[in-house]
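Protein chains in written order, with numbering that gives the first Met the number 0: chain A, 0 to 412; chain B, 0 to 412. All C-beta atoms, glycine included, are put in the ideal place defined by N, C-alpha and C. The next block holds one structure in the form of C-alpha cells; read it before the comments.
Number of protein chains: 2
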Amino acid sequence: MVPHLVTALTGPINELEQRVLDSMPAIERWFRLEWMEHTPPFYTSVDLRNAGFKLAPVDTNLFPRGWNHLTREMLPLAVQAAQAAIEKICPEARNLLVIPENHSRNTFYLENVAQLVRIFQMAGLNVRVGSIDPAIKSPKKIELPGGETVCLEPVARGKRRLGLKNFDPCTILLNNNLAAGTPGILEDLHEQYLLPPLHAGASLRRKSSHFHSYEELSKRFGKLLGIDPWLINPIYAKAEGEAALATQIDAVLAKVRRKYKEYGINEKPFVIVKPDDGANTGIMTVRDARDTEELLARMKGSNAELLVQEGVLTQERVHDGFAEPVVYMMDRYVVGGFYRVHAERGSDESLASPGASFVPLAFSESAHLPQPGAKPGASAPNRFYMYGVIGRLAMVAASYEMEATDPEAEVYE
Amino acid sequence: MVPHLVTALTGPINELEQRVLDSMPAIERWFRLEWMEHTPPFYTSVDLRNAGFKLAPVDTNLFPRGWNHLTREMLPLAVQAAQAAIEKICPEARNLLVIPENHSRNTFYLENVAQLVRIFQMAGLNVRVGSIDPAIKSPKKIELPGGETVCLEPVARGKRRLGLKNFDPCTILLNNNLAAGTPGILEDLHEQYLLPPLHAGASLRRKSSHFHSYEELSKRFGKLLGIDPWLINPIYAKAEGEAALATQIDAVLAKVRRKYKEYGINEKPFVIVKPDDGANTGIMTVRDARDTEELLARMKGSNAELLVQEGVLTQERVHDGFAEPVVYMMDRYVVGGFYRVHAERGSDESLASPGASFVPLAFSESAHLPQPGAKPGASAPNRFYMYGVIGRLAMVAASYEMEATDPEAEVYE
C-alpha cells in the first residue's frame, strides 16, 4: 500500500499509469514474494523522474536525509514501519544510536536528525545521537530553528562495541553515508547491528551496480505489467575515464533515440553523466556534441568511473519550478514523499543541487479514497501510487545490489 | 507506537498515566517480546473504561465491526498493518473473502463491511464479500447511505474449500462472530486460512477465560510498571446460574470495596453482570442488594453462565454523554479508535447498547508531537497512548486465551 498523497500531476492518466493502477493486486503480491527471499534496506529514499511517457528512478539513497520534509500527518506511518523494522532486526532492542553526518553546523540537516530521533522514540526506543566527528569531544546541544534541540554526543568505542558514555545500543543506525570511506571506529562491530551495512557506504557503492540490478528487475516487472521495461528503466552505461566516455555517451544517446522513434516521442534525447560512486557532485547534462567536448576537456586525463545514464525529462512543475518526486521508505513500506523543486533548473537537468527546495506532499483530501472497481468519478485515483511502486522497485534493486556486493556473503558453488 | 489522537480527557495527568508515559520504551519492548512468542489476533477492538484512578478493558472483540467510524486519516495506518498481517499469514495471497454478519439490511453494519473491503483492497488484494446467509441466493448489490455499494454474494462450498463462483480465496476473514454457533459450511477448511479461528466464535468463547488471561498478564505488566495490577485489571468472578450469583456479586463487591478504601476512593462500588459467552445482551449494573434481588428474580431457575465483573466508572464525557474509548488494532498495531457515547446512560452503566453513537477520535493537531524528554510544555503528551497500551494488553490476553482454548493445540507433556 502507498499512502494517497497529492501529486503535482493532475492531467489525464496515461497508459503506463493506468496499467500500474489496474495491476495493483498483482504488484503488491509481487513485492510480498520478493520480500520473502530478500531483505529490504532499513530505510531508503528514491528520486524519480516522470516524463509522462516514462517514469524512472534516478537515485536510490540508502542513508536518506530529508525526513524533516515529511509532513506530521505521515509520521504515524513512519513510526509503525519503524516498529516493524526494529521487531524484525532486534525485538529485544532498548537503545538505538543514530550516527549523523559530521557537518554539525547545518541545522537543515540536523532537523532531519531530530525527526529520525522522534520517529524511533515514538516507536518505543531510547534514542541518542552519537557523532563520529573528532571535533565533538563532549555532548553538544544544538538549538534548531523549529525550537527543538539535538544533542550530539561523542561516540565511545570499546573493543567490540560502539556506544556513548553510559549508553550501550543494540542497533546503530547510520545516517552518515561514509562518503570519505569507512572509518575504522565502525569496523568489526560484530556484536551490534550496524545499519545500513558498511558496504552501502558512498565510497564503496557503485551506481552502475544498482542500475544493473534495477535493469534486471525492470525486465521481470515489465513482464508482470505487460509493458516494455524501458518505460520504467533508464538506459545506462559505465565509462572509465575520458577514453571511454564519448563512445558511451553516443551509445546511450543512440539507444534512446531509437526508443523515442519507436514511441513517436518528439523530444531531444539527452544523457546525465555522474560519478559512478556514491558522490552526487559534478552531475552534468549532455545534450549534444558540444556538451560532450566540454565534458571531455574537463575530464582530460581522468580515470574516474562515470555513469552515463539516459536523461528522463520531468513533466512536473511545482511553484513554477521543475520538480521531481522523492519517495521515502522505511523497511518495505512507503511512508511518505515530497517534491524536490529547483527554480533555476530546466526539465532536463538534475534538481539535486544547491538551491533546491522541498515541498511536502500532503495526504489527499479527496472525499473518496481510491477504490479499484469503483464507478469512474466515484473515487480519485492515487497518483502517488505509481511513484510508490517504482520507488519500491528501486528499493528491491538496492536489496539485490547489497546482496551482490556483500563482502561477507557466503558463496555456494 | 500508538497514533496521537485527541482524547476527551484533558485534565491533569494522574499518577497511573504518568507511569505509563514514562515507561514507553520498556512497554514497547515488552510487547515486542510477547509477539515473539505469541500470535496476535488478526484484528481486535477493545472497549475501555477510564475512571481516572483506574483504566481497564471491559470487552475484547475478535470480530470487530465499526471500522467505518475510523477517520479517513487513520486508514493508511490500517492498510499498512493489514499488509503486515497478510504478509505474515499468506504472502502468496491474491484473493481475500470477507464473511459478514447475516443481517444484510443493516446499512450501518454494511458501511463497516465496505470499509474493511477498502482497507484490504488498498493493501493490494482482490476482495469480495461472501455471505453465509441462506437467504442470499444470488449476488445482491446494496447501496449505502455514503454513496458506496457493497455486493453480497452467496458462498460456494467445495469439498475442501470455500469461495464464490469463480473466486477462490486463500484467506477467509470472518466479520461474523458466529453467535449462533459454528456453521458447518465453515468447518474442515484445512486448505485455506480462516481468520479468526472458529474457536474465537461468540458461542464458544468465554469472557471468564479472556479475563483470566488478562488478569495473569496484568500482574506481569503491573510489575513492569511498578504498579498495583488492580489499577488496570477489573476484578471478576464466574457464576453458574442463579445459585452462585448472589455470593459472587457480594464477593466481587467486597474486594472492590477494600480496594476503594485502600486508595481513598470516594465512590460507590458496583458490578456488571453479563453472559459469560460472547453475547453482549442482558448486561446489567448491580449497585446494591435490591439490584441483586431483581436480577435473581429474573434469573430464577436459570443455569446460564455469567460473568460478575467489577464496574469501572467512566470519567469521560463527549457531547454531554458518558463516553468510553474503543481501540482498534490490526495485527499487533493500534490503528485507530473512537468514543462510544450514550446520552441516556450513566457513568456506571454499559454504553454498548442501542442508542449509542460513535465519535471518531481525530489525530492530534498539536503543533508538537509528544517527545519523551522534551521540555515540559514543548510537547503535548499523547493521552491516547495509555489507551493503546491497555488495548494491546487485552489483545495479548486474547492471544493467550486463543492458545489455551485451541481445540487443535498440540499438548506437550
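Would you report the Cα separation of residue i and residue j, rounded to the nearest angstrom?
i, j, result
"B:Ala155", "B:Ala408", "29 Å"
"B:Lys237", "A:Ala77", "43 Å"
"A:Phe62", "A:Asp276", "14 Å"
"A:Thr421", "A:Arg382", "No answer is possible for residue 421 of chain A: the residues shown for chain A start at 0 and end at 412."
"A:Pro228", "B:Arg219", "55 Å"
"A:Leu413", "B:Ala199", "The question about residue 413 of chain A has no answer, for chain A in this structure spans 0 to 412."
"B:Asp405", "B:Leu392", "20 Å"
"A:Glu402", "A:Asp287", "37 Å"
"B:Trp389", "B:Val285", "This sequence places Ile at residue 389 of chain B; Trp is not what is there. Each residue's alpha carbon lies about 25 Å from the other."
"A:Lys260", "A:Ser346", "20 Å"
"A:Phe210", "A:Ala50", "19 Å"
"B:Val251", "B:Ser202", "25 Å"
"B:Phe44", "B:Pro56", "It should be noted that the sequence gives Ser, not Phe, for residue 44 of chain B. Using only the alpha carbons, I get a separation of about 10 Å."
"A:Leu69", "A:Glu147", "16 Å"
"A:Asn232", "A:Leu54", "8 Å"
"B:Gly263", "B:Met73", "40 Å"
"B:Val270", "A:Arg93", "40 Å"
"A:Glu304", "B:Ala397", "58 Å"
"A:Leu185", "A:Asn176", "12 Å"
Name the residue from the options whose alpha carbon lies nearest to the alpha carbon of residue i.
i, options, result
"A:Pro144", "A:Asn174, A:Tyr108, A:Glu152, A:Gly162", "A:Tyr108"
"A:Asn101", "A:Glu147, A:Ala243, A:Ala179", "A:Ala179"
"A:Asn125", "B:Asn279, B:Ala288, B:His198, B:Glu27", "B:Glu27"
"B:Pro169", "B:Gln191, B:Asn176, B:Asp187", "Looking at the sequence shown, residue 169 of chain B is not Pro but Cys. Here the closest residue by C-alpha is B:Gln191."
"A:Arg205", "A:Ile231, A:Lys273, A:Lys139", "A:Lys273"
"B:Ser356", "B:Tyr327, B:Ile231, B:Pro380, B:Asp319", "B:Asp319"
"B:Asn279", "B:Leu20, B:Arg31, B:Thr59", "B:Thr59"
"A:Trp66", "A:Pro380, A:Met328, A:Val395", "A:Met328"
"B:Lys267", "B:Val311, B:Ile282, B:Glu292", "B:Val311"
"B:Val325", "B:Ala242, B:Tyr262, B:Gln82, B:Met394", "B:Met394"
"B:Val317", "B:Lys299, B:Glu348, B:Phe337", "B:Phe337"
"B:Gly335", "B:Thr313, B:Lys258, B:Gly387", "B:Gly387"
Applying the criterion that 16 or more other CB atoms from any shown protein chain within 10 Å of the CB defines a buried residue, is residue i buried or exposed?
i, result
"A:Arg331", "buried"
"B:Leu15", "buried"
"B:Gln17", "exposed"
"B:Ala322", "buried"
"A:Tyr384", "buried"
"B:Arg159", "exposed"
"A:Lys87", "exposed"
"B:Ala296", "exposed"
"A:Asp46", "buried"
"A:His419", "Any answer about residue 419 of chain A is impossible in this case: the structure gives chain A only from 0 up to 412."
"A:Leu172", "buried"
"A:Asn265", "exposed"
"A:Arg48", "buried"
"B:Glu315", "buried"
"A:Asn111", "buried"
"B:Thr246", "exposed"
Using C-beta distances below 7 Å, list every residue in its chain close to residue i, excluding the 5 sequence neighbours before and after it, in chain order.
i, result
"A:Arg127", "Leu96, Glu152, Leu163, Phe166"
"A:Ile226", "Leu15, Arg18"
"A:Val255", "Ile234, Pro268, Glu309"
So residue i packs on residue j, CB below 8 Å; how close in whole Å?
i, j, result
"A:Ile98", "A:Asn174", "7 Å"
"B:Gln79", "A:Gln79", "6 Å"
"B:Pro39", "A:Arg31", "About 19 Å; that fails the 8 Å criterion."
"B:Leu244", "B:Leu306", "Incorrect: roughly 11 Å between the Cβ atoms, too far for contact."
"B:Gly354", "A:Met23", "Actually they are not in contact, since the Cβ atoms of B:Gly354 and A:Met23 sit about 40 Å apart, beyond 8 Å."
"A:Trp34", "A:Leu223", "That belief does not hold up - the Cβ atoms of A:Trp34 and A:Leu223 are roughly 15 Å apart, past 8 Å."
"B:Met20", "B:Pro359", "In the sequence as displayed, the identity of residue 20 of chain B is Leu instead of Met. The Cβ separation is near 23 Å, so there is no contact."
"A:Thr181", "A:Leu197", "5 Å"
Spatial neighbours of residue i within its chain, please: C-beta separation below 6 Å, excluding the five flanking residues on both sides.
i, result
"A:Leu350", "Glu323, Arg339, His341, Arg344"
"A:Val116", "Val126"
"B:Gly240", "Ser301, Asn302"
"A:Tyr42", "Pro63, Met329"
"A:Ser207", "Lys237, Asp275, Leu306"
Given residue i, which residues of its chain have a CB within under 8 Å of its CB, disregarding the five upstream and five downstream residues?
i, result
"B:Tyr399", "His37, Ser212, Glu215, Leu216"
"A:Ser103", "Leu109, Ser130, Asp132, Ala134, Ile135, Lys139, Ile141, Leu151"
"B:Ser352", "Ile282, His341, Arg344"
"B:Asn13", "Gly51, Phe52"
Practice problem: Identify each residue in the region 52-78 of chain A for which the Cβ-Cβ distance to at least one residue of chain C is less than 8 Å, and report them in chain order. | Solution: Of the chains in the structure shown, none is chain C; the protein chains are A and B.
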